[in-house]
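Protein chains in written order, with our numbering: chain A, 48 to 393; chain B, 48 to 393. Beta carbons are placed, not taken as given, at the ideal position from N, Cα and C, and that holds for glycine. Written below as structure tokens is the structure these notes are about.
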DNA sequence: TTGAATTCCGTGCACGGTAACGGAAATAAT
DNA sequence: ATTATTTCCGTTACCGTGCACGGAATTCAA
């Protein structure tokens, strides 16, 4: 059985009033050192734990958390991330939290800056962000820190020291895992890496670490593997088939295909039309389109994270910090890498 | 911004008092039909949502939930399940919940019955159970239903209609997935299925469904595969090596090994000593011993669930039902099947 | 010593909901 | 018509914490 120790119990035991105990608990001063120590001692003795419900009820404030992630079309990676907001809002402990999504164009640095400014002027109590543009993000979190606003990273993080928490995938390991799944531990002769051509140099692309992990693995386990690259443009999906077709006639022996971003579904149409025996295609993230391709057999395996859960957890961590001043157990939270085949895609 | 509508608002709008509104909200009678309808209409109109914190604070009861799962040694499947209790107790919404584990000997029907009786006489407010013995479990849940005690299944469920929720793995599909990972979509010639010999017939073994899924897959994709069985006794681990060795000399061509329970680690020592090129070993569940074997390379892949999370979720669902009368969104919750290789075993 | 300025602390209401208690109103029994 | 029941509803005291307000106790200035 649990005994409930209240601040009133503490007040009585220390010969003071609950007001004083409260001031001690929240460090809001106006307490003599003697009383402070006394109260602290009693708290220790009785093993006081605050009643979360009463606390939240009494401090009946509305907080707002801004979520700064790109806009995206339905089914895309960032749209799934966005769903994490509703996922979190449906939990009982998030009443009293207003979570607002501040979107921007993933490929437009200016729009990112604008979104940052918008967040700053709404003066939120907490911020969740994916640091897409490095220098701009650094400036932004600097301002947040100056304004005493806690923030959490999702997807990727910056190397600084003021963030409350980070939720993301271990990128290097995900690349290794990808290579392991592709090769199945055997030596393979060749592989095609499909990439998306980028213009903006400041755009921070965490997938480079993934590629590095992949290449590390290959260097160690398949040093003599031919690694081909093919660059495509997602804004012109109709040209992709032609590019793949061209590559396929030039290198008909290639049986392994990977992509390190979330768009493996882009190659699915070509594969569906030109399937060859023994083809292995490995990609990332459980977008609807990717899962559909998986189920059709165009994609062999997907390595998935759960971006919605990451966002939800980030919001939750921030909520607990804001309302209860509770810091997360771990600051860097590496989420599990899910392997999806057509048999466990749910 | 959220406007907070309280029962007092409703009371005022309907010209009644909060006592009456409360009676309506909780269906505890003593309200005329006219008033009832009136209040209900206002609730609809204003879109009232109860304040969870206030509710939990006011009804300041201590509830107890009994968790009826087998005792197990550290690192074993049921011990991981047990950890779900602490996992759940650490969440803020579970204060006021006393969760007690009632253990029994997995392989002893009498001990299971005794545990059931123990649970009944402690009159808990909710029960989480894994229905290990079918007929005995049916009788037990019958008594729970009669006593109006809600209960949730974990791991496997019975075909009856009174349970609040079920959390478990889709067993048939897990068998298919296992086969798919083992064969990698190719035709294989032979496979060894290692099984544990059972004596007790009433013991309900959900793994038969897993085996069925596996065999289904093989029948469809590898109809001419030789399927060998080997029965071992977990209480005499020292004999296992001899049995495997014997099998290996009789069938040296077999390169694929599976087990459908969580004890794949039992074959790891033999494999470590007698590793052959191209061997594939697939098992279930992320026990410490299994993961260790995975990392050493004795096991190729593991299909894992998260028994602790299942138990935690079951407790949470029961808590919400008991305290807030909230039913779960889905009654049958099939957890995701995790595929583990040495690169994502964390 | 007296008054003013601090420092420190207790009191009391609020938060939204629960449920026991008792009384008014409506109905039934005499 | 009067009393006894039953039905229905309002009042009220909590649950444990947050916080504003004002007053007592102490220190400082004169």
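Any chain B beta carbon closer than 9 Å to residue i
i                      : result
residue 48 of chain A  : Confidence at residue 48 of chain A is low in this model, with a pLDDT of 48, below 50, so its placement is unreliable and no value can be given for it.
residue 357 of chain A : no
residue 51 of chain A  : yes
residue 148 of chain A : no
residue 309 of chain A : no
residue 464 of chain A : For chain A, the structure presents residues 48 to 393; residue 464 of chain A sits outside this window and is missing.
residue 296 of chain A : no
residue 107 of chain A : yes
residue 364 of chain A : no
residue 67 of chain A  : no
Buried/exposed call for residue i, threshold 16 Cβ in 10 Å
i                      : result
residue 385 of chain A : buried
residue 121 of chain A : exposed
residue 175 of chain A : buried
residue 399 of chain A : Lying before the first or after the last residue shown, residue 399 of chain A is absent from chain A, which here runs from 48 to 393.
residue 366 of chain A : buried
residue 255 of chain A : exposed
residue 270 of chain B : exposed
residue 76 of chain A  : exposed
residue 216 of chain B : buried
residue 169 of chain B : exposed
residue 379 of chain B : exposed
residue 186 of chain A : exposed
residue 123 of chain A : buried
residue 338 of chain B : buried
residue 266 of chain A : exposed
residue 282 of chain A : exposed
residue 390 of chain A : buried
Chain B residues whose Cβ lies nearer than 8 Å to that of residue i
i                      : result
residue 139 of chain A : 99, 140, 367 and 371
residue 383 of chain A : 385, 391 and 393
Through-space distance from residue j to residue i, alpha-carbon basis
i                      : j                      : result
residue 48 of chain B  : residue 146 of chain A : For residue 48 of chain B, the predicted model reports a pLDDT of 48, less than 50, meaning its position is unreliable and no value from the coordinates is stated.
residue 56 of chain A  : residue 183 of chain A : 51 Å
residue 287 of chain A : residue 243 of chain A : 11 Å
residue 307 of chain A : residue 344 of chain B : 26 Å
residue 318 of chain A : residue 228 of chain B : 22 Å
residue 162 of chain A : residue 150 of chain A : 7 Å
residue 220 of chain A : residue 260 of chain A : 6 Å
residue 208 of chain B : residue 181 of chain B : 15 Å
residue 140 of chain A : residue 231 of chain A : 44 Å
residue 274 of chain B : residue 327 of chain B : 15 Å
residue 129 of chain A : residue 335 of chain A : 14 Å
residue 290 of chain B : residue 280 of chain B : 10 Å
residue 193 of chain B : residue 93 of chain B  : 38 Å
residue 95 of chain A  : residue 195 of chain A : 29 Å
residue 479 of chain B : residue 264 of chain B : Outside the displayed span of chain B (48 to 393) sits residue 479 of chain B, for which this structure offers no information.
residue 293 of chain A : residue 223 of chain A : 28 Å
Proximal chain A residues relative to residue i, where beta-carbon distance stays under 8 Å
i                      : result
residue 388 of chain B : 224, 227, 228 and 386
CB contact below 9 Å: residue i versus chain A
i                      : result
residue 103 of chain B : yes
residue 26 of chain B  : As displayed, chain B neither begins before 48 nor continues past 393, which places residue 26 of chain B out of reach and without an answer.
residue 282 of chain B : no
residue 318 of chain B : no
residue 127 of chain B : no
residue 240 of chain B : no
residue 350 of chain B : yes
Chain-ordered neighbours of residue i on chain A, where CB pairs are closer than 7 Å
i                      : result
residue 231 of chain B : 231
Spatial neighbours of residue i in its chain, beta-carbon cut-off 6 Å, leaving aside the 5 residues before and after
i                      : result
residue 173 of chain A : 112, 197, 365 and 369
residue 212 of chain B : 199, 364, 375 and 378
residue 51 of chain B  : none
residue 332 of chain B : 124, 309 and 351
residue 58 of chain B  : 64, 65 and 68
Contact set for residue i: own chain, Cβ-Cβ below 8 Å, skip 5 residues either direction
i                      : result
residue 153 of chain A : 117, 118, 119, 125 and 179
residue 381 of chain B : 215, 216 and 217
residue 235 of chain A : 229, 269, 272, 302 and 303
residue 323 of chain B : 302
residue 188 of chain A : 176, 178, 198, 205, 207, 209 and 210
Beta-carbon proximity list for residue i, same chain, < 7 Å, skipping 5 on both sides
i                      : result
residue 361 of chain B : 175, 199, 201, 212 and 214
residue 144 of chain A : 110, 112 and 366
residue 347 of chain B : 327, 328 and 329
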